[in-house]
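Chains as they are written, first to last, in the numbering used here: chain A, 2 to 345; chain C, 2 to 345; chain R, 2 to 345.
Accompanying notes for the structure given below.
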């Protein structure tokens with residue numbers, strides 16, 4: 002499946018400057034550690050610079066500062082990591098879309114599937130739904146009524162999209178993701194719970210990627226919104242009426258409660274929790290495993306989380322966590338006595 | 002899909018008192034902020050009372066104390082939030098069940114599907130399973146052998162129910178949920194693990210709702226039980242042999258270890274963890290992101306979790322968490338010296 | 002479905018010593034608390050020893066030290082818990098494989114399904130994939146191109162395996178698991194994100210078990226690896242390029258970031274987080290809900306996590322967590338004054 006390319010062919014397509022022998026055929030991309038003579042490696046993190054001397058790679062992608070740090074054939078790019086990403090894509094072009102509806106797919110007569118779209122076996126497309134040109138609907142995907150899938154989108158197998166949800170162009174959704182299930186809304190009444198019908202939908206912008214088994218709930222009255230270019234990892238929960246800003250990335254196992262607004266260009270680590278009804282401004286980074294309990298209005302990095310320790314040490318320390326207030330009072334009392342004495 | 006209703010029609014169906022113009026047609030429900038003249042809004046939280054003066058809504062649902070706080074047409078209800086829930090349901094009645102088995106469903110000859118039940122395309126229903134009247138089995142659901150689904154239950158697309166599990170009447174299960182997979186039970190033997198067959202099942206009471214991609218494992222010997230009226234959000238793990246009490250609600254991303262008993266009318270936040278083999282009594286609230294490490298025998302609210310801080314501040318503080326015991330000793334020593342001195 | 006067995010028949014098959022009446026028929030396994038006269042119970046944890054006097058069980062499995070602690074018919078085994086596991090399996094033998102491809106399965110002409118394998122309704126098997134003898138592919142499983150499933154493996158319904166992934170012999174995968182979705186790899190470029198094609202795969206060793214809705218991402222360049230005998234619970238995220246060592250067990254809701262190496266024979270609790278690019282040595286135990294922020298090089302048990310408290314108490318204590326550094330400075334200052342004074 003992988004192509005063969007020379008350095009010259011790569012820079013013709015991706016730009017950058019090729020230095021040294023540019024005509025030798027390369028068969029793929031690998032790390033500096035594992036690359037062989039037929040492969041191209043990359044140096045994106047300066048702490049691995051010393052590997053340039055020992056790598057067996059046939060070529061390397063480097064930044065301008067490392068232009069002369071390597072003797073081997075190389076490509077110089079302002080952004081070697083992004084260049085690496087695009088080089089991998091050259092060697093591994095995506096499989097072409099095979100337009101058509103599989104005979105075992107179940108597409109409603111009232112659905113509108115573009116002639117250039119691909120719908121695989123056992124997929125279900127409900128009435129009023131539309132699938133754009135170049136989109137792929139994988140096996141076993143279930144699209145309800147009135148779902149819209151943009152041009153060039155890819156739904157991997159086993160994705161559910163509930164009624165009325167909208168996915169932009171080039172969206173990628175991985176297997177098992179569920180888009181548009183009911184938000185978790187209930188009213189208490191006489192000791193039991195009355196379900197609040199969730200009549201908003203989910204609106205997903207262009208170029209969003211959604212990981213495996215991630216769930217994005219529909220809104221109660223208004224929509225839940227994922228803006229363009231946002232990237233969500235696996236097993237993330239986005240509750241009803243959240244707005245996730247453009248180009249924000251969220252790592253796996255994070256849970257976002259209802260009606261949270263996350264700004265643009267944020268980076269949210271894995272296993273993070275956000276309580277409901279708060280706002281996070283643009284350009285915020287949240288460390289993994291942090292609980293955010295109120296709105297953040299200043300860009301920056303935010304963290305909680307107790308450092309881990311050997312268990313015996315933790316037992317000795319943790320007991321004081323329950324008594325911090327007492328400890329602080331004791332310190333204040335002693336320091337007060339101290340101050341009085343020093344004032345003598 | 003949404004109906005048109007007047008205040009008079011709403012109170013005829015749901016009770017409460019209509020005040021002011023009761024004959025104008027309304028087309029839906031919206032928030033005080035977003036409602037237009039043809040929509041009805043609601044005031045359930047007193048902190049939004051001032052919005053009554055500025056809303057463009059055509060009508061509003063209020064509590065008895067706000068009967069005269071609004072000039073616009075209104076419904077007075079003892080529980081405006083529950084009234085709102087029921088009003089949304091009036092405007093958005095659930096789609097009617099379309100009884101019948103889709104020709105592309107795969108229903109075993111030994112299964113018993115009520116004539117009033119709906120089984121959608123590509124659903125699989127195993128031998129000995131029974132589907133009650135008015136139940137819907139969504140596309141791509143897989144029900145094993147001897148599964149029982151109660152009257153009026155809704156399984157959204159792509160739900161798995163393993164052999165022998167029982168779902169009560171009016172249960173709702175969202176897409177991707179897995180009910181009855183094997184509990185995580187193993188015995189160590191000579192450095193490897195011997196699987197303990199999980200021969201209990203899962204028993205789910207009436208009116209339970211289970212969120213998308215939530216997993217509820219079958220019991221090892223006895224059943225895992227979810228009692229009536231419990232509501233579980235998305236991406237929750239309920240391990241083998243748990244009992245979740247009636248009308249308890251659990252928010253997303255929470256994990257409940259094996260053989261835990263949670264009482265009735267509890268409220269468990271998101272991202273919570275409960276260690277195995279403990280009991281939580283009735284009427285307990287657990288804050289989001291809290292780890293519960295032992296049984297709780299008194300109703301109340303319980304919390305753990307480190308407050309988040311700017312990362313630089315966290316670095317300065319977190320180092321002391323590893324030295325709390327040392328710090329406490331220093332305080333005791335100083336306070337002791339102090340006490341001795343004061344005793345002088 | 003369950004068999005009837007005598008103590009004599011059990012020890013004939015599983016070893017151990019039968020003591021007392023060995024010919025009475027038993028119908029199943031139960032706990033000491035719930036077993037009736039026709040059932041066999043087990044005592045694996047010495048703290049339940051007193052139940053031997055009160056159990057209604059017809060027989061019991063005990064360790065050598067409890068050989069004479071019970072009067073009822075018994076089996077003495079060096080490892081009563083593992084013996085219990087195997088006894089349950091005797092009473093509940095797995096359903097036999099029914100070789101053949103269901104007429105509603107969609108198996109590519111270029112796939113290689115062993116004549117002794119079972120492929121259920123609506124399963125999809127892509128070109129170049131191979132299914133070993135005695136393997137079962139449940140309903141609605143989707144196997145991409147070039148997937149390999151080993152002999153005797155069981156894929157429960159609704160499992161996705163992306164292109165090129167390999168599953169060893171006797172692997173068990175529960176419903177909703179997703180193996181081989183793209184790792185979460187992106188390069189930032191001019192404020193947006195460039196996807197890094199993930200061209201590694203996932204390689205899963207023999208006798209691995211993977212829980213419901215767990216996700217294991219494919220590697221960026223090299224493979225993600227789960228070694229033989231590892232056991233993963235539900236809703237776990239294993240990111241790209243991780244290596245999980247042989248016979249390691251991981252409880253539910255745990256998230257493992259990219260390029261983490263976990264050793265062999267580790268035990269990782271539920272809700273744990275591991276940051277990226279670290280290594281955990283063999284024989285490490287990590288308590289539930291712990292965040293591991295750096296490599297661990299010594300076997301042992303590691304913990305973090307704040308103990309839970311009644312909420313009011315937590316409010317009093319948590320405020321000091323933001324001021325620990327200040328508190329520690331106050332203690333040092335006071336102790337310093339104190340030392341000076343004592344030096345007087």
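The beta carbon of each residue, even a glycine, is placed where N, CA and C say it ideally should be.
Unbroken stretches of the beta strand (DSSP E), 3 residues or longer, contained in the region 140-172 of chain A
none
Taking only beta-carbon atoms, is residue 176 of chain R less than 7 angstroms away from chain C?
yes
Determine which residues of the region 137-156 of chain A have a Cβ less than 7 angstroms from any Cβ of chain R, and write them out in chain order.
With the criterion set as a beta carbon lying under 7 angstroms from some beta carbon of chain R, the members of the region 137-156 of chain A are 140 and 141, in sequence order.
Does residue 190 of chain C come out as helix, strand or coil in the three-state DSSP assignment?
strand
Identify every residue that forms a DSSP beta bridge with residue 256 of chain A.
A:238 and A:274
Could you tell me if residue 116 of chain R is buried or exposed, where buried requires 16 or more neighbouring beta carbons within 10 angstroms of its beta carbon?
By the Cβ neighbour-count rule, residue 116 of chain R is exposed, with fewer than 16 other Cβ atoms within 10 Å of its own.
Mind pulling the chain R residues with CB within less than 9 angstroms of residue 210 of chain A?
183, 185, 187, 194 and 196
Do you know offhand how far residue 140 of chain A's Cα is from residue 303 of chain C's?
45 angstroms
Determine, using beta carbons only, whether residue 303 of chain R comes closer than 7 angstroms to chain C.
No, residue 303 of chain R does not count as interfacial toward chain C.
Cβ separation of residue 247 of chain R and residue 220 of chain R, assumed to be a contact under 8 angstroms, to the nearest whole Å:
With a Cβ gap of about 19 angstroms, residue 247 of chain R and residue 220 of chain R do not count as contacting.
Report yes if the C-beta distance between residue 128 of chain A and residue 109 of chain A is below 7 angstroms; otherwise report no.
yes
Rank C:203, C:213 and C:151 by C-alpha distance to the C-alpha of residue 223 of chain C and give the top, closest one.
C:203
Once you ignore the five residues that flank residue 239 of chain A on each side, which residues in its own chain have a CB closer than 6 angstroms to its CB?
217 and 257
Do the region 152-169 of chain R and the region 40-60 of chain A touch if we need at least three Cβ pairs shorter than 8 angstroms?
In the pairwise beta carbon analysis, the region 152-169 of chain R is classified as not touching the region 40-60 of chain A: fewer than three pairs are separated by under 8 angstroms.
Rounding to the nearest angstrom, what Cα-Cα distance links residue 143 of chain A and residue 63 of chain R in this structure?
51 angstroms
Where the region 41-63 of chain A meets chain R: residues whose CB sits under 9 angstroms from a CB there:
45
For the alpha helix (DSSP H) containing residue 90 of chain A, list its first residue and its last residue.
81-92
Does residue 82 of chain R get closer than 7 angstroms to chain C when you measure Cβ to Cβ?
yes
Since residue 35 of chain A meets chain R, which of its residues come closer than 7 angstroms, beta carbon to beta carbon?
223
According to DSSP, simplified to helix, strand and coil, what is residue 51 of chain C?
helix
Please report the distance separating the alpha-carbon of residue 2 of chain R from that of residue 96 of chain R.
Note that residue 2 of chain R scores 48 on pLDDT, short of 50, meaning its location in the model is unreliable; the coordinates nonetheless yield the value given after this. Using only the alpha carbons, I get a separation of about 9 angstroms.
Nearest-angstrom Cα separation, counted from residue 74 of chain C out to residue 22 of chain C
Computed Cα separation, rounded: 5 angstroms.
Reference residue 254 of chain A; option with closest CA among A:334, A:18 and A:211:
The residue with the shortest Cα to Cα distance from residue 254 of chain A is A:211.
Taking the DSSP output, what are the residues bridged to residue 107 of chain A?
A:125
Contact set between the region 256-284 of chain C and chain R, restricted to residues whose Cβ is under 7 angstroms from the partner
The residues in question are 256, 258, 274 and 276.
Residues of chain A with CB closer than 8 angstroms to the CB of residue 101 of chain C, please, in chain order.
The premise fails here: residue 101 of chain C is roughly 15 angstroms from chain A at the closest Cβ pair, so nothing lies under 8 angstroms.
Which ranges would you report for the alpha helix (DSSP H) in the region 279-325 of chain A if only whole runs of at least 4 residues count?
With a minimum length of 4 residues, the continuous alpha helix (DSSP H) runs that stay inside the region 279-325 of chain A are 312-322.
In chain order, what residues of the region 110-123 of chain R put their CB closer than 7 angstroms to some CB of chain A?
123
Can you give me the C-alpha to C-alpha distance between residue 1 of chain C and residue 275 of chain C, rounded to a whole angstrom?
Nothing about residue 1 of chain C can be read from this structure; chain C reaches only from 2 to 345.
Per DSSP, what kind of secondary structure is residue 228 of chain R in: helix, strand or coil?
Coil at residue 228 of chain R, not helix or strand.
Pick helix, strand or coil for residue 2 of chain A, following the three-state DSSP scheme.
In this prediction, residue 2 of chain A scores a pLDDT of 48, lower than 50, which makes its location untrustworthy; no coordinate-derived value is stated.
So what does DSSP say about residue 66 of chain A, is it helix, strand or coil?
helix
Strictly by DSSP, which residues pair up with residue 113 of chain R?
R:131
Looking only at its own chain, which residues have a Cβ that is under 6 angstroms from the Cβ of residue 177 of chain A, when we skip the five neighbours before and after it?
159, 213 and 214
Whole angstroms is fine: what's the gap from residue 149 of chain C's alpha carbon to residue 171 of chain C's?
12 angstroms
Collapsed DSSP secondary structure at residue 199 of chain A in the structure displayed:
Looking at residue 199 of chain A - three-state DSSP - the assignment turns out to be coil, as it is neither helix nor strand.
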